[in-house]
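Each residue of the sequence shown is one higher than the last, beginning at 134 in the working numbering. By construction, the Cβ of each residue, glycine as well, lies at the ideal position given by its N, Cα and C atoms. Inspection log for the structure reproduced underneath, given as structure tokens.
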Amino acid sequence: MEAVSRTAQWTAAARALESERPDRLFNDSYARTVAADIGFELLERYAGAGTVPFLAIRTQYLDRAITRTVAEGGIRQVVFIAAGMDTRFYRLPWPDGVTVYELDRPALLDAKARMLADEPQPAGRTRHPVAVDLTEEWTGALKEAGWQSERPTLWVVEGLLFFLPEDAVRTLLATLADVSAPDSVLAGDVISRAALENPLSRPFLKALADDGNPWLFGTEEPEQLLLDSGWSPREVKQPGDEGADFGRWPYTVPPRSVPRVPRSFLFTCDLRSATRRGTQHTDEEPRS
134 MEAVSRTAQW TAAARALESE RPDRLFNDSY ARTVAADIGF ELLERYAGAG TVPFLAIRTQ
194 YLDRAITRTV AEGGIRQVVF IAAGMDTRFY RLPWPDGVTV YELDRPALLD AKARMLADEP
254 QPAGRTRHPV AVDLTEEWTG ALKEAGWQSE RPTLWVVEGL LFFLPEDAVR TLLATLADVS
314 APDSVLAGDV ISRAALENPL SRPFLKALAD DGNPWLFGTE EPEQLLLDSG WSPREVKQPG
374 DEGADFGRWP YTVPPRSVPR VPRSFLFTCD LRSATRRGTQ HTDEEPRS
């Protein structure tokens with residue numbers, strides 16, 4: 134697999150460690166399989182303060198956001214952008230009739246298929262791997278796989294945005310809004326710019342860059358980023374906030390007004406009402 138794809142095995146290793154705790158937040162019984170040895174090697178290589186707790190919190194936060202959205206919102210098509218070694222198709226309690234689309238690079242999807250070849254397919258749900266390069270046009274391949282643009286979609290963008298330059302982040306988020314039907318939802322995570330500039334993070338960031346996986350993007354204003362891209366934030370939380378702690382975050386959470394603090398943000402958004410296939414916005418904030 135490409136170097137950037139191996140970070141998916143790093144996060145899978147963290148999920149495996151959480152799943153093996155007696156007080157685990159979730160049980161990902163597939164995580165150790167898809168992590169393989171390389172995932173645990175990278176987990177050690179990228180070790181840093183808060184890495185493992187954050188990945189556990191992020192997984193649990195998005196697990197809850199996803200299950201709540203499909204249960205309460207009635208959405209039946211879910212798209213994981215840069216799905217990596219995500220195993221939610223297998224382990225979450227999906228309602229009958231859900232179709233999951235997993236977008237990622239061909240080599241990663243092939244490797245994942247081999248690793249999970251012996252796992253039984255859960256009943257009542259369908260999974261479509263969609264091999265794409267997200268730096269190129271990808272919506273056509275998603276449609277060919279069966280995704281229907283006229284139906285609401287839950288988009289999940291986990292562990293991706295900080296690997297992209299800012300223009301690519303904005304293009305991706307705006308594309309998701311433009312192709313979405315009303316009542317669509319976006320969930321994911323992003324980091325602050327200060328997290329990229331924190332001196333204490335230099336060894337971690339250098340290891341990522343040396344492995345061909347540099348972190349490129351962060352923002353102190355995730356709400357504005359999402360609004361500019363056509364999404365209305367329902368909630369934006371930092372690890373340690375109520376609803377994004379789960380007894381795992383060991384640090385004090387500084388107020389957002391405190392500058393130059395490394396932060397991670399977890400978000401759930403609704404499609405802005407005027408956003409639909411390039412339609413002009415009528416909300417107060419102009420779209421950039």
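Self-check item: Given 8 Å, three or more beta-carbon pairs between the region 183-198 and the region 387-407
Solution: These segments touch.
Practice problem: Please name the residue, chosen from 334, 271 and 284, that lies closest to residue 304 on a Cα-to-Cα basis. | Solution: Nearest of 334, 271 and 284 to residue 304, Cα basis: 271.
Self-check item: Distance CB(residue 288)-CB(residue 214) smaller than 8 Å
Solution: Yes; because the gap between Cβ atoms is below 8 Å, this pair is in contact.
Quiz item: So, residue 218 versus residue 340, is the Cβ gap smaller than 8 Å?
Solution: The answer is no: Cβ separation not under 8 Å.
Quiz item: Taking the Cβ atom as the reference point for each residue, do residue 314 and residue 282 lie within a distance shorter than 8 Å?
Solution: For the pair residue 314 and residue 282, the CB atoms are nearer than the 8 Å cut-off.
Exercise. Locate the beta strand (DSSP E) running through residue 335, then write down its first and last residues.
Key: That residue, residue 335, is in no beta strand (DSSP E); its alpha helix (DSSP H) goes 335-343.
Quiz item: In the structure shown, what three-state DSSP assignment does residue 385 receive?
Solution: Looking at residue 385 - three-state DSSP - the assignment turns out to be coil, as it is neither helix nor strand.
Exercise. In angstroms with no decimal places, state the Cα-to-Cα distance between residue 421 and residue 362.
Key: Its pLDDT being 34, under 50, residue 421 is placed unreliably in this model, and the value from its coordinates should be taken loosely. Going by the C-alpha atoms only, they are around 7 Å apart.
Quiz item: If you draw a straight line from the alpha carbon of residue 227 to that of residue 256, how long is it in whole angstroms?
Solution: Each residue's alpha carbon lies about 10 Å from the other.
Practice problem: Would you check if there are 3 or more beta carbon pairs closer than 8 Å linking the region 159-179 to the region 374-386? | Solution: Flag = no, the region 159-179 and the region 374-386 do not touch.
Exercise. From the DSSP output, in three-state form, read off residue 252 for me.
Key: The answer is coil: DSSP assigns residue 252 none of H, G, I, E or B.
Exercise. Please go through the same chain and pick out, in chain order, the residues whose beta-carbon is closer than 8 Å to the beta-carbon of residue 370, but skip the five residues on each side of it.
Key: For residue 370, where only same-chain residues beyond five positions count, the Cβ hits under 8 Å are 194, 376, 377, 398, 399 and 400.
Quiz item: Bridge partners of residue 199, per DSSP?
Solution: Partner(s): none; residue 199 has no beta bridge.
Quiz item: Where does residue 150 sit, in a helix, a strand or coil, going by DSSP?
Solution: Residue state for residue 150 is assigned as helix, using DSSP reduced to three classes.
Practice problem: May I ask you to verify whether the region 143-155 touches the region 230-241, counting CB pairs closer than 8 Å and requiring at least 3? | Solution: Under the Cβ criterion (8 Å, minimum of three pairs), the region 143-155 does not count as touching the region 230-241.
Quiz item: Leaving out the 5 sequence neighbours to the left and right, which residues in its chain are closer than 6 Å to residue 260 when beta-carbon positions are compared?
Solution: Here residue 260 has 222 and 233 as same chain residues with Cβ atoms under 6 Å from its own Cβ, once five neighbours each way along the sequence are excluded.
Quiz prompt | Contact between the region 383-397 and the region 328-345 (3+ Cβ pairs under 8 Å) | solution = Yes: the two stretches touch, three or more of their Cβ pairs being nearer than 8 Å.
Quiz item: Does any heavy atom of the ligand GDP sit closer than 7 Å to the C-beta of residue 165?
Solution: The ligand content of the structure shown is nil, which means the ligand GDP is not present either.
Self-check item: Sequence-distant residues of its chain with Cβ nearer than 6 Å to residue 312 (five each side left out)
Solution: Only residues of its own chain outside the window of five on either side were considered, and among them 272 and 282 have a CB closer than 6 Å to the CB of residue 312, listed in chain order.
Quiz prompt | Rounded distance between the beta-carbons of residue 186 and residue 348, thought under 8 Å | solution = The pair is not a contact, with the Cβ atoms about 19 Å apart (cut-off 8 Å).
Quiz item: In three-state terms, what does DSSP make of residue 219?
Solution: Looking at residue 219 - three-state DSSP - the assignment turns out to be coil, as it is neither helix nor strand.
Self-check item: C-beta atoms of residue 291 and residue 322 nearer than 8 Å
Solution: Cβ distance < 8 Å, so residue 291 and residue 322 count as in contact.
Self-check item: residue 171: first and last residue of the uninterrupted alpha helix (DSSP H) it sits in
Solution: Annotation for residue 171: the continuous alpha helix (DSSP H) segment containing it runs 164-178.
Quiz item: Residues bridged to residue 264 by DSSP?
Solution: As DSSP reads the structure, residue 264 sits in a beta bridge with 237.
Self-check item: Closest by C-alpha distance to residue 192, when choosing among 164, 178 and 278
Solution: If we check each option's Cα against that of residue 192, 164 comes out closest.
Practice problem: Whole angstroms is fine: what's the gap from residue 176's alpha carbon to residue 385's? | Solution: Annotation: residue 176 to residue 385 spans about 24 Å, alpha carbon to alpha carbon.
Practice problem: Ignore the nearest five residues each way along the sequence and tell me which others in residue 334's own chain have a CB closer than 8 Å to its CB. | Solution: For residue 334, where only same-chain residues beyond five positions count, the Cβ hits under 8 Å are 181, 328 and 395.
Quiz prompt | Classification of residue 254 by the beta-carbon crowding that lies within 10 angstroms, buried from 16 upward | solution = Under the 10 Å beta carbon count, residue 254 is surrounded by fewer than 16 other beta carbons and is classified as exposed.
Quiz item: Candidates 373, 405, 210 and 151: which alpha carbon is nearest residue 258's?
Solution: Per the Cα distances, 210.
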